[in-house]
Each structure stands twice: as structure tokens, then as C-alpha cells.
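*Asks:* Quick note: the sequence shown uses the working numbering, first residue 401, plus one each step. Glycine included, each C-beta is placed from N, C-alpha and C at the ideal position.
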Amino acid sequence: MNAIISIIISCVIFFLIITMLPYLIWLFIIFAIVAAIFNIYRSYKIRKMNEQYYQDYHQEEQSSSYTYTNQNKSSVDSDVIDVEFTEHPED
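1) In the structure shown, what three-state DSSP assignment does I408 receive?
2) Please list, in chain order, all residues of the same chain as L424 whose beta carbon is under 6 Å from its beta carbon, the five residues on each side excluded.
3) With DSSP run on the structure shown, which of helix, strand or coil describes M449?
4) Output needed for V480: all residues of its chain with C-beta closer than 8 Å, excluding positions within five of it in sequence on either side, in chain order.
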């Protein structure tokens, strides 16, 4: 009895899928078109953002008066503490 019920339910589900297939295809096509438009828009916006970023970076680099001669002229990095070690004779 359970086998007959499961076969009937499977047939009903299969029949519903077959009858709704024309509508599902159109929904899939509409979804694919919307996704393609979104991807094109997203790539366009990302490209524009990158161009703007590089333009701002190059303008800042050109207008900046910072040069390497303005850096600390010691040979030691500014994060390193320059110390000297002296040994004391042991008593």
C-alpha cells in the first residue's frame, strides 16, 4: 500500500513539474537576464572605482612634497632603538 501511495505522489509531482515547465523556463530566462545585467553593472562600477582610486593616488603622489630626503637621515630605522652595549669586567 505504501508503495502505491509513493508511486502516485511521484507521478503527481512529475506531472506538476511538466505542466509548469513553460512558466519555469520563462522565469529562468528572466532571472538569467537580470543576473547578466547586474554583473555588467557591477563590473562597470568596480572599473570606475578602480580608475578613480588610481587617479586620486597619482594626483596625491604628484602633488605631494614628500621626498626621501625628508626622512630621518640615520641609518637606523625609526622603529629601532639605537643602543650601545658595553661590557664590564667581572669581579
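*Replies:* So, to answer that:
1) In the sequence shown, counting from the first residue as 1, residue 408 sits at position 8. It is helical.
2) Locating residue 424 in the sequence shown gives position 24, counting from the first residue. Taken in chain order, the list of residues that qualify is empty.
3) Translated into positions along the sequence shown, residue 449 becomes position 49. If DSSP states are grouped into helix, strand and coil, M449 belongs with the helices.
4) Within the sequence shown, the letter at position 80 stands for residue 480. Excluding residues within five positions, none has a Cβ falling inside 8 Å.
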